[in-house]
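Enquirer:
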Amino acid sequence: MYVELKDIDKRFGSFQASDGVSFGVAKGKLIGLLGPSGSGKTTILRMIAGLEAPDAGDILIGGKRVNDISAAKRGVGFVFQSYALFRYMSVFDNIAFGLTVQKKERAYIKERVDELIRLTGLSGLEARRPHQLSGGQRQRVAFARALAPNPHLLLLDEPFAAIDAKVRKELRSWLRETIGKVGITSIFVTHDQDEAVEVADEIIITNKGRVEQIGTPTDIYKNPATPFAAEFIGESLIIADYGRLHGFEKLPGFGSAVLRPEFVRVVKPEQEPYPHASQRGTVAEVLFRGNSLELSIDVSGIRLIAYHSLDGDVFQPGDAVSVLIHRLFLLGAREVKKTENASLQNNTAFFI
Amino acid sequence: MRVLGLRKAPSRRKGVIPGFGLCMGVTLSMLSLVVLIPLASVFLILKDFSLHEFWNVISDRQTVATYRVSLGCAFTAAAVNVLFGVLLAWVLTRYKFPGKRILDGLIELPFALPTAVAGIALTTLYSNKGWVGSLFERMGVKISYTTVGITIAMIFIGIPFVVRSIQPVLEKLDAQYEEAAAILGASRARTFFKVILPEILPAALTGFGLAFARSIGEYGSVVFIAGNIPYRTQITPLIIMNKLEQFNYPAATSIALVMIVFSFIVLFGIHVLSARVNKIAGGGAGG
Amino acid sequence: MKGKITRWVLVGLGVLFIALMLLLPLAAVLVYALRQGWATFLSAVTDTYAIKALQLTLLAAGITLAINTVFGLFAAWAITKFRFRGKQALTTLIDIPFSISPIVAGLVFIVVFGRIGWAYPLLEAWNIKIVFAVPGIVLATIFVTFPFVSRELIPLMQASGSDEETAAALMGARGLRIFRRVTLPHIKWGLLYGVILCTARALGEFGAVSVVSGHLRGKTNTLPLHVEILYSEFRLTAAFSVASVLVVIAVLILILRNIVEHKLKREERL
Chain U
1 MYVELKDIDK
11 RFGSFQASDG
21 VSFGVAKGKL
31 IGLLGPSGSG
41 KTTILRMIAG
51 LEAPDAGDIL
61 IGGKRVNDIS
71 AAKRGVGFVF
81 QSYALFRYMS
91 VFDNIAFGLT
101 VQKKERAYIK
111 ERVDELIRLT
121 GLSGLEARRP
131 HQLSGGQRQR
141 VAFARALAPN
151 PHLLLLDEPF
161 AAIDAKVRKE
171 LRSWLRETIG
181 KVGITSIFVT
191 HDQDEAVEVA
201 DEIIITNKGR
211 VEQIGTPTDI
221 YKNPATPFAA
231 EFIGESLIIA
241 DYGRLHGFEK
251 LPGFGSAVLR
261 PEFVRVVKPE
271 QEPYPHASQR
281 GTVAEVLFRG
291 NSLELSIDVS
301 GIRLIAYHSL
311 DGDVFQPGDA
321 VSVLIHRLFL
331 LGAREVKKTE
341 NASLQNNTAF
351 FI
Chain S
1 MRVLGLRKAP
11 SRRKGVIPGF
21 GLCMGVTLSM
31 LSLVVLIPLA
41 SVFLILKDFS
51 LHEFWNVISD
61 RQTVATYRVS
71 LGCAFTAAAV
81 NVLFGVLLAW
91 VLTRYKFPGK
101 RILDGLIELP
111 FALPTAVAGI
121 ALTTLYSNKG
131 WVGSLFERMG
141 VKISYTTVGI
151 TIAMIFIGIP
161 FVVRSIQPVL
171 EKLDAQYEEA
181 AAILGASRAR
191 TFFKVILPEI
201 LPAALTGFGL
211 AFARSIGEYG
221 SVVFIAGNIP
231 YRTQITPLII
241 MNKLEQFNYP
251 AATSIALVMI
261 VFSFIVLFGI
271 HVLSARVNKI
281 AGGGAGG
Chain W
1 MKGKITRWVL
11 VGLGVLFIAL
21 MLLLPLAAVL
31 VYALRQGWAT
41 FLSAVTDTYA
51 IKALQLTLLA
61 AGITLAINTV
71 FGLFAAWAIT
81 KFRFRGKQAL
91 TTLIDIPFSI
101 SPIVAGLVFI
111 VVFGRIGWAY
121 PLLEAWNIKI
131 VFAVPGIVLA
141 TIFVTFPFVS
151 RELIPLMQAS
161 GSDEETAAAL
171 MGARGLRIFR
181 RVTLPHIKWG
191 LLYGVILCTA
201 RALGEFGAVS
211 VVSGHLRGKT
221 NTLPLHVEIL
231 YSEFRLTAAF
241 SVASVLVVIA
251 VLILILRNIV
261 EHKLKREERL
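Residue numbers (our numbering), protein chains in the order written: chain U, 1 to 352; chain S, 1 to 287; chain W, 1 to 270.
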């Protein structure tokens, strides 16, 4: 592990920002720290950078304990949420700042800054001031400035928060590609699950100062480890009385369940291939969602959400439909149980 | 109908909040009565005064000497104030120490203390028998009744302007700038001079201008310590006062006009300068 | 370690500067006032002329306060709640008294109402005296403190915008009600702050008042002018005794100012 956190505790007054946080990051990975605001993700990032000191626990970078090493000497690059570009310096001087501090030779600085300007696609903007740049360009300058002194670890605090939704998508893939090109171990903080899923190799989900789950985006999506992870990732509908859904039984200790729209399949009653595993419902509402239809369906007193292809059968509110639910995540106190539709399993076994 | 339509247009522009006519009426008439008409009357007095006479009065050797004393002392005082103003604003925004709130409150003292009281207190303190003056007297330095004394009184009167200009800028300055510089390896000193100083420069300039303008015009706290020695410690407001006491109104008004014009130039200059500095960085703090 | 030393050096320098430049003069006034004991102090402070001067000072400050508050409210309302051409010019004109030397401020009233002034024949006919009389003192005080209230209110009212007032007006509220119920709660601390600054300056104004007063003891003498007269007569202890009264008032105003500023900042954060 290149970066390691061991049992980190951090309090701000009565607010517990980190509560026994431990995780490791392998060299060369791009990690997303994902969580709602106030979950302590930014605090973790700032402690790794050396901008905050943990109350207890160890932080290791490259196998060395860095708790007592100042931010300047940890060899990390940091991209701030609002970029913190120096307003009175040109793009060139901003990027060169870290190198001039290190008293590098002028020729080297010029070469290095030019290289980064090319890498970040800022050619021709060297003499501009930060306020003469667009949001995306500012982010690139902040990125180049952090990379200039050749850090071993790059930390980014909500790198896309200050950018318009339109440009954000573009920048995500750009950032992912560029970090890949540079090959630097990177950790970024975000509250946006789409962003984390799209950009990160691995995601660390934080909540209330604790780490909930660590894994690849698909892994977390398919096998959420905690109720929080199950609810936070993907589109989730919480169902309390899930025992009334056909093929599922209420288990003791699991008070509710998460149902994702993609676990639900809707057909006309007469076309149902698995009549034993499905149940009847009524369409309550049909919403056009651009690439699909969103159906709200009442099934034994529970309102479900399902997606339906635009090319499939046409439904109107009031239509009777057959609903097949093939999976649920049952939520316990701290654990999640993935459950398949029991009747469907029996049926398939029977017929095959 | 047409008339109605015409009347509606301006009222729509002003919105539905009532009281425009009343407020403008009261504002303009009070402003005219108290400020504009009296100020304009200055020119009425000068109408019997030829340009030649006017020039003779304002370029008289003794008068010119007062400009030199006023400007020189005010400039020195404002410069000293910028130095200590930056220091005080920094200390008050960045450090925690016992008595900080009291120190913060005291900055405002020169605004609250009647200038005449400050004047006699400073004069007595810095005279050759005063607590401070006697110390300097032993080293052969006189303060009261010299330009040094005038400068000290002007420092007293100007310090709040500088501190209060810089303090809000420092308070609002995002800690991320300093953190960014620190992560990139910059020392505290380098961070201050390269990153923070440019940020507070426009505010420091404004503070300098306000302190400078106030010091030039200041009377109460300076008049006692100045001593009114022609050519040496006579300040411009004092020579106006002397001319008034001699009932030489045209002369007093002429010099007053020079002062009015000059203070406008200073304030305008500061305005232009800080607008330019702001433009380089692109608008307000944080932008 | 290095950071700590820098820090204490800087704090030390700041405290030293304030102590030497601001606190020492304050202390000097009190020490000199009590140098010859309580009896001398009391006799100087309760002197008929001192009492008369105090009364005139309070009268002038009171009238000034009333007029400038009214002006400040009307001007701030006009400038922040409506759009009209020349707004910037109006704001600049209101601020003029800030940039004018107190001596010049006094002089302009001599130029209008004095023996050489254009209004003098009129006043003569009606037998009114302004210069070298109480009205002149009041006018000069109003002039130098003219922008104090409006200057505090304008940025505050600009920041809060006029949406709430518009909403109230659309619901049929009249001007005074809108002001009392919608605007005033927003600006009450700012208004008080402006009033306090105005009071401090009005009580202490020296230069402008000195020009128009004529220094008639017991008639046109304010407290700061009384201090000057005592001082120039070399009655130092008496001068400092009277000055100490002003110092006490100044310190009280300073404390009040800080309390109100604290409230104001808390309000802004909400």
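Ideal Cβ placement from N, Cα and C applies to all residues, glycine included.
Is the Cβ-Cβ distance between S/I120 and W/A50 less than 9 Å?
Expert: No, they are not a contact pair.
Enquirer: For chain S, check one thing: does any of its Cβ atoms lie closer than 9 Å to the Cβ of U/P149?
Expert: Interface residue, yes.
Enquirer: Any contact of the region 177 to 190 of chain U with the region 149 to 163 of chain U, i.e. 3+ C-beta pairs under 8 Å?
Expert: Yes, they touch.
Enquirer: Could you tell me which whole beta strand (DSSP E) segments of length 3 or greater appear in the region 234 to 264 of chain U?
Expert: Complete beta strand (DSSP E) runs here, min 3: 237 to 239 and 256 to 259.
Enquirer: Can you give me the C-alpha to C-alpha distance between U/A349 and U/D298, rounded to a whole angstrom?
Expert: Caution is warranted here: a pLDDT of 45 is assigned to U/A349, below 50, making its placement in the model unreliable, and the coordinate value is therefore given only provisionally. Roughly 29 Å between the two C-alpha positions.
Enquirer: Should the region 132 to 148 of chain S be regarded as contacting the region 176 to 187 of chain S, the criterion being three or more beta carbon pairs within less than 8 Å?
Expert: The region 132 to 148 of chain S, when compared against the region 176 to 187 of chain S, does not touch it at the 8 Å Cβ threshold.
Enquirer: Under a Cβ-count criterion, where at least 16 other Cβ atoms within 10 Å of its own Cβ denotes burial, should S/I197 be classed as buried or exposed?
Expert: According to the sequence displayed, residue 197 of chain S carries Leu and not Ile. By the neighbour-count rule (16 or more Cβ atoms within 10 Å), S/L197 is not buried but exposed.
Enquirer: Please state the DSSP three-state secondary structure of U/Y307.
Expert: Of the three classes helix, strand and coil, the one that applies to U/Y307 here is strand, per DSSP.
Enquirer: My output table needs one value for S/T146: the three-state DSSP class, helix, strand or coil.
Expert: S/T146 falls in the coil class under three-state DSSP.
Enquirer: Would you kindly report the start and end of the unbroken beta strand (DSSP E) that includes U/R327?
Expert: Run containing U/R327: R327 to L331, per the beta strand (DSSP E) assignment.
Enquirer: Please state whether DSSP places U/D157 in a helix, a strand or coil.
Expert: Correct three-state label for U/D157: strand.
Enquirer: Between U/A127 and U/M89, what straight-line distance do the alpha-carbon atoms span, to the nearest angstrom?
Expert: For U/A127 and U/M89, the distance between alpha carbons rounds to 9 Å.
Enquirer: Of all Cβ atoms in chain S, is any one closer than 9 Å to the Cβ of W/I137?
Expert: Not an interface residue.
Enquirer: Tell me which residue opens and which closes the alpha helix (DSSP H) that S/A112 is part of.
Expert: Run containing S/A112: L109 to A112, per the alpha helix (DSSP H) assignment.
Enquirer: Would W/F234 count as contacting chain S if we go by Cβ distances under 9 Å?
Expert: No, W/F234 does not count as interfacial toward chain S.
Enquirer: Less than 9 Å between the beta carbons of W/P147 and S/T115, yes or no?
Expert: Result no, Cβ atoms of W/P147 and S/T115 do not sit closer than 9 Å.
Enquirer: What whole-angstrom Cβ distance do U/G135 and U/I163 have, given they're in contact under 8 Å?
Expert: That belief holds up - the Cβ atoms of U/G135 and U/I163 are roughly 5 Å apart, short of 8 Å.
Enquirer: Can you name, in chain order, every residue of its own chain whose Cβ lies under 6 Å from the Cβ of S/S11, other than the five neighbours on each side?
Expert: In this predicted model, S/S11 has a pLDDT of only 41, less than 50, meaning its place in the structure is not dependable enough to derive any value.
Enquirer: What is the DSSP secondary structure of W/G68, reduced to helix, strand or coil?
Expert: First, the residue type needs correcting, since residue 68 of chain W is Asn and not Gly in the sequence shown. Correct three-state label for W/N68: helix.
Enquirer: By DSSP, does U/T226 sit in helix, in strand, or in coil?
Expert: Of the three classes helix, strand and coil, the one that applies to U/T226 here is coil, per DSSP.
Enquirer: Is U/I238 buried or exposed, if buried means 16 or more other CB atoms sit within 10 Å of its CB?
Expert: Exposed, by the Cβ-count rule.
Enquirer: Does the contact criterion of 3 or more C-beta pairs under 8 Å hold for the region 205 to 215 of chain S versus the region 74 to 90 of chain S?
Expert: Flag = yes, the region 205 to 215 of chain S and the region 74 to 90 of chain S touch.
Enquirer: Using DSSP with H/G/I as helix, E/B as strand and the rest coil, what is S/V132?
Expert: It is coil, neither helix nor strand.
Enquirer: For U/V323 versus U/R265, is the C-beta spacing smaller than 9 Å?
Expert: Contact: yes.
Enquirer: Please report the distance separating the alpha-carbon of S/L22 from that of U/L51.
Expert: If I take the Cα positions, the gap works out to 57 Å.
Enquirer: 9 Å is my cut-off, CB to CB: does S/P160 come that close to chain U?
Expert: No, no contact with chain U.
Enquirer: Assign U/V336 to one of three DSSP states: helix, strand, or coil.
Expert: Three-state DSSP puts U/V336 in a strand.
Enquirer: Over what stretch of residues does the beta strand (DSSP E) that includes U/F15 continue unbroken?
Expert: Note, U/F15: beta strand (DSSP E), F15 to V25.
Enquirer: Sort out for me which residues DSSP pairs S/G220 with in a bridge.
Expert: Per DSSP, none; premise fails for S/G220.
Enquirer: Going along chain U in order, which residues have a C-beta closer than 8 Å to the C-beta of S/F177?
Expert: Reading off the sequence, residue 177 of chain S comes out as Tyr, not Phe. Simply A84 and F86.
Enquirer: Between W/D95 and S/L87, what straight-line distance do the alpha-carbon atoms span, to the nearest angstrom?
Expert: Straight-line Cα distance between these residues: approximately 29 Å.
Enquirer: So is U/M89 in contact with chain S if we call contact Cβ pairs under 9 Å?
Expert: Interface residue, yes.
Enquirer: Per DSSP, what are the beta-bridge partners of U/S186 in this structure?
Expert: According to DSSP, which records beta bridges pairwise, U/S186 is partnered with U/L30 and U/L154.
Enquirer: Does the distance from the CB of U/G24 to the CB of U/L5 come in under 9 Å?
Expert: Cβ atoms of U/G24 and U/L5: closer than 9 Å.
Enquirer: Assign W/W8 to one of three DSSP states: helix, strand, or coil.
Expert: The answer is helix: DSSP assigns W/W8 an H, G or I state.
Enquirer: Could you tell me which residues DSSP pairs with U/G77 in its beta bridges?
Expert: According to DSSP, U/G77 bridges with U/L154.
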